[in-house]
Ligand code: GDG
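Numbering (our numbering), first residue to last: 18 to 522.
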């Protein structure tokens, strides 16, 4: 397979990426001027450079209300070092949505319905016909922009021939209806395209999914694609199962295929990776920020402040550890970084309150004149600081109650460049727990056992730590974010081989 710098192996066609957010955030200064601000994350790191090189298009919400639809998006700064450097404003389509509709779509349907439901927490899910109407409307808007972009692409020499077919890649639970609309319009207008979708969160089992009152439409929306990708096989099987039971589709569980509307839709596990080498470089150059006293150990947690991440359970487990194993008193600190998230949503405000109280209670219980058990950062740290934390921590606690993949587990192992290395603890309910077998696996609901696992990590012999970490690092280095991108193109049948042939999915 080639890594052609001109085409990235995309067989002749252009790529159009569609995601809720653009790969950068727009901000307006006091004089009203707009500027771009980097947004981190696997999607941007992997996909933005491909869109730049391929002269593709990115469609998304810009993060603010523009003055009018014609207001120009600024070009990227010539000194820009982020993955979106060189992404021309002509390659960016900013989707503008009326604030009230956006709120109902985003804070309502996306974050109060799909997010808890797809993380198998139905008690937290709100089912509202108004939110659903906004979701449909916003998905239609994204689909219309996608069709306009498709029509604006220059005609290729052999228009309509498979190798020149444009590729549309839609992302995540915000846009599950988009593909079907795009496909229907393309069929009517005889426009050729291939459509792929990737879900970054889990796809729930049938018994949970069926609770959603408009479940048919969600499945039909996704089945507008040629290929639907998930992080792991379990989510693929859940999706296939739901298509069969809800829509009566013929399915092939082994081959992961769903027959729908006379087409065969491929379903594929495509576990996301990280820019491994970039994290290694950061870890090599980042100055130390933790200045622990000799023989002090840091147990690290890094998460958006989200109820799926198991933060309350984690703090309770740490409290039990200190109570049961007093040898860790004054020797071990839990450093928890909690990035503010979805602060407009009630559940998130309540979680913040609960965490504040719990940290206060545990610190009040154990703190001595020279030591506090928990250092709690409610905010965001820089990439350099994050890499230094990952590098210098003895243990990383990645214990979500449910998580599509979890990139923190992967970033931690990439940054573990010191000898002897630390220990990763990961929940089996994260996609990462499915594949990072050499980590210590810990059920976050069982807080007594979780305390035992943390103790085991803190007392693990050096040779065992090294052995486990070597395996973990080797896998993440190979299965990095570029590998993920290539796997997606291959699954779409759009990756060309060295002899110029398309690589069949
Ligand atoms: C969704 C799915 C899936 C965190 N704190 C800081 C910071 N971060 C960065 C981490 C990491 C990212 O945020 C978090 O990624 P996760 O994967 O852990 O979680 P979600 O945000 O929930 O992502 C998830 C992912 O999509 C990709 O498909 O793995 O399952 O839920 O990259 O480094 N970055 C900086 N400062 C911080 O304080 N700079």
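Built from N, CA and C at the ideal position, the CB exists for glycine as well.
Following a CB-centred definition, is residue i positioned closer than 8 Å to any heavy atom of the ligand GDG?
{"i": "residue 263", "result": "no"}
{"i": "residue 134", "result": "no"}
{"i": "residue 422", "result": "yes"}
{"i": "residue 392", "result": "no"}
{"i": "residue 364", "result": "no"}
{"i": "residue 459", "result": "no"}
{"i": "residue 399", "result": "yes"}
{"i": "residue 428", "result": "yes"}
{"i": "residue 499", "result": "no"}
{"i": "residue 217", "result": "yes"}
{"i": "residue 464", "result": "no"}
{"i": "residue 321", "result": "yes"}
{"i": "residue 448", "result": "yes"}
{"i": "residue 396", "result": "yes"}
{"i": "residue 33", "result": "no"}
{"i": "residue 110", "result": "no"}
{"i": "residue 248", "result": "yes"}
{"i": "residue 64", "result": "no"}
{"i": "residue 291", "result": "yes"}
{"i": "residue 425", "result": "yes"}
{"i": "residue 356", "result": "yes"}
{"i": "residue 317", "result": "no"}
{"i": "residue 60", "result": "yes"}
{"i": "residue 475", "result": "no"}
{"i": "residue 403", "result": "yes"}
Just how far apart, CA to CA, sit residue i and residue j?
{"i": "residue 305", "j": "residue 408", "result": "9 Å"}
{"i": "residue 404", "j": "residue 362", "result": "30 Å"}
{"i": "residue 279", "j": "residue 60", "result": "32 Å"}
{"i": "residue 292", "j": "residue 374", "result": "36 Å"}
{"i": "residue 38", "j": "residue 185", "result": "16 Å"}
{"i": "residue 538", "j": "residue 440", "result": "Nothing in the structure corresponds to residue 538, since the chain is present only between 18 and 522."}
{"i": "residue 324", "j": "residue 123", "result": "17 Å"}
{"i": "residue 427", "j": "residue 206", "result": "44 Å"}
{"i": "residue 247", "j": "residue 385", "result": "47 Å"}
{"i": "residue 351", "j": "residue 267", "result": "50 Å"}
{"i": "residue 176", "j": "residue 56", "result": "Here residue 176 scores only 40 on pLDDT, less than 50, and its place in the model is too uncertain to base an answer on."}
{"i": "residue 142", "j": "residue 437", "result": "44 Å"}
{"i": "residue 157", "j": "residue 120", "result": "16 Å"}
{"i": "residue 163", "j": "residue 476", "result": "54 Å"}
{"i": "residue 302", "j": "residue 146", "result": "51 Å"}
{"i": "residue 34", "j": "residue 139", "result": "30 Å"}
{"i": "residue 67", "j": "residue 192", "result": "21 Å"}
{"i": "residue 70", "j": "residue 215", "result": "21 Å"}
{"i": "residue 499", "j": "residue 447", "result": "21 Å"}
{"i": "residue 182", "j": "residue 211", "result": "7 Å"}
{"i": "residue 298", "j": "residue 399", "result": "15 Å"}
{"i": "residue 220", "j": "residue 152", "result": "18 Å"}
{"i": "residue 169", "j": "residue 111", "result": "15 Å"}
{"i": "residue 72", "j": "residue 108", "result": "7 Å"}
{"i": "residue 357", "j": "residue 483", "result": "34 Å"}
{"i": "residue 54", "j": "residue 43", "result": "6 Å"}
{"i": "residue 78", "j": "residue 118", "result": "13 Å"}
{"i": "residue 65", "j": "residue 378", "result": "44 Å"}
{"i": "residue 340", "j": "residue 346", "result": "9 Å"}
{"i": "residue 281", "j": "residue 240", "result": "9 Å"}
{"i": "residue 376", "j": "residue 388", "result": "14 Å"}
{"i": "residue 431", "j": "residue 413", "result": "12 Å"}
{"i": "residue 114", "j": "residue 270", "result": "39 Å"}
{"i": "residue 317", "j": "residue 307", "result": "11 Å"}
{"i": "residue 174", "j": "residue 227", "result": "Because residue 174 carries a pLDDT of 39, less than 50, the predicted location of this residue cannot be relied on, and the following value inherits that uncertainty. Distance between the alpha carbons of residue 174 and residue 227 is about 46 Å."}
Return the residue from the list the options that minimises the CA-CA distance to residue i.
{"i": "residue 445", "options": "78, 283, 327", "result": "327"}
{"i": "residue 503", "options": "289, 69, 339, 394", "result": "289"}
{"i": "residue 508", "options": "219, 193, 242, 83", "result": "242"}
{"i": "residue 171", "options": "434, 74, 221", "result": "74"}
{"i": "residue 501", "options": "486, 287, 167", "result": "287"}
{"i": "residue 490", "options": "463, 506, 452", "result": "452"}
{"i": "residue 106", "options": "94, 115, 113, 116", "result": "94"}
{"i": "residue 355", "options": "415, 49, 321, 133", "result": "321"}
{"i": "residue 487", "options": "468, 463, 455", "result": "455"}
{"i": "residue 213", "options": "254, 494, 346, 245", "result": "245"}
{"i": "residue 256", "options": "485, 285, 90", "result": "285"}
{"i": "residue 334", "options": "82, 370, 391", "result": "391"}
{"i": "residue 46", "options": "81, 62, 337", "result": "81"}
Could you pull out every unbroken beta strand (DSSP E) segment of at least 3 residues lying fully inside the stretch 297-358, listed in chain order?
DSSP runs (the beta strand (DSSP E)) wholly in the stretch 297-358: 314-321, 349-356.
Output the residue ranges of the beta strand (DSSP E) runs that lie fully inside the stretch 37-109 and measure 3 residues or longer, sorted by chain position.
If only uninterrupted beta strand (DSSP E) runs of at least 3 residues are considered, those enclosed by the stretch 37-109 are 41-45, 51-55, 74-78.
Just list the beta strand (DSSP E) runs in the stretch 137-208, keeping only unbroken ones of 3 residues or longer that don't cross its boundaries, in chain order.
The DSSP assignment places complete beta strand (DSSP E) segments of no fewer than 3 residues inside the stretch 137-208 at 184-188, in order along the chain.
Beta strand (DSSP E) segments (min. 3 residues) lying fully within the stretch 221-256:
For the stretch 221-256, whole beta strand (DSSP E) runs of length 3 or above, ordered along the chain, are 244-247.
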